[in-house]
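Under our numbering, the letters of the sequence shown match residues 105 to 255, in that order. The C-beta atom is built at its ideal place from N, Cα and C for all residues, glycine as well. Data block below; observations after.
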Amino acid sequence: MAAWMALDACDEENGCMKIVPGTQNLPILCTERANTVESFTDTTVPLPPGKKIVPVPMAPGDVFFFNGSLIHGSGPNFSTDRFRRSLIGHYVAAEAEQVSKFYQPLIRMDGTTVELGVSERGGPCGRWVDDDGEVVEVFDPSVRPEGPEHE
Numbered sequence: 105m106a107a108w109m110a111l112d113a114c115d116e117e118n119g120c121m122k123i124v125p126g127t128q129n130l131p132i133l134c135t136e137r138a139n140t141v142e143s144f145t146d147t148t149v150p151l152p153p154g155k156k157i158v159p160v161p162m163a164p165g166d167v168f169f170f171n172g173s174l175i176h177g178s179g180p181n182f183s184t185d186r187f188r189r190s191l192i193g194h195y196v197a198a199e200a201e202q203v204s205k206f207y208q209p210l211i212r213m214d215g216t217t218v219e220l221g222v223s224e225r226g227g228p229c230g231r232w233v234d235d236d237g238e239v240v241e242v243f244d245p246s247v248r249p250e251g252p253e254h255e
């Protein structure tokens, strides 16, 4: 489960969240290379037949809850003077025995860590790309490219 909270107003110009309604119960789909002119990262999944991408504009403080199977993502920030900052929380069921290395460490609300096995099936949501669509290697999730185009 994920919670995506907008800190800034988010719309299609500054790259709001986009979803494909009705995909939350699909099996895990294989990724393919995305067009980075249209996508915030360099990976995407093929859209199921008949499904449409829907933007989710949000005001500061709005929270969007969804499961990880829902096809979702963000477009690039095309505005010249606005950010698209957010807080994102991922929640793992208490009975989980494994989780992808990309979600580790798991931290409880009291700040202590949860020790779980590493699932080999999990993968990253995508990779950071620069303005030309080239992958920017970022291994520490707290280190990110700067500027509104990367927010």
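| Check | Outcome |
| --- | --- |
| Sequence-distant residues of its chain with Cβ nearer than 7 Å to Val218 (five each side left out) | Leu210, Arg212 |
| For Glu255, the three-state DSSP class (helix, strand or coil) | Note on Glu255: pLDDT 39, under 50, position unreliable in the model; no value is reported. |
| Nearest neighbour of Asn82, chosen from Ala113, His194, Pro164 [CA to CA] | Only positions 105 to 255 of the chain appear in the structure, and residue 82 is not among them; the question remains open. |
| Nearest residue (CA-CA) to Asp144, options Met105, Glu201, Glu117, Met109 | Rather than Asp, the amino acid found at residue 144 in this sequence is Phe. Comparing Cα-Cα distances from Phe144 to each of Met105, Glu201, Glu117, Met109, the minimum goes to Glu117. |
| Strand pairing of Ser204, partner residues [DSSP] | Ser223 |
| Rounded separation between Pro125 and Leu220 - CA only | 31 Å |
| Backbone secondary structure at Phe169 - three-state DSSP | strand |
| Outcome for Ala79 when other beta-carbon atoms lying within 10 angstroms are tallied against a minimum of 16 | The requested residue 79 is not part of the displayed model; the chain covers only 105 to 255. |
| Beta-carbon proximity check, Met105 vs Phe206, cutoff 8 Å | no |
| Proximity of Thr127 and Ser173 at Cβ, strictly below 8 Å | yes |
| Ile175 classed as buried or exposed, judged by whether at least 16 other C-beta atoms fall within 10 angstroms | buried |
| Same chain only: Cβ atoms within 8 Å of Glu250, ignoring 5 sequence neighbours per side | Note on Glu250: pLDDT 47, under 50, position unreliable in the model; the coordinate value appears next. For Glu250, where only same-chain residues beyond five positions count, there are no Cβ hits under 8 Å. |
| CA-to-CA distance, Ser204 to Glu224, given in whole angstroms | 7 Å |
| Alpha-carbon to alpha-carbon, Thr148 and Glu142 | 10 Å |
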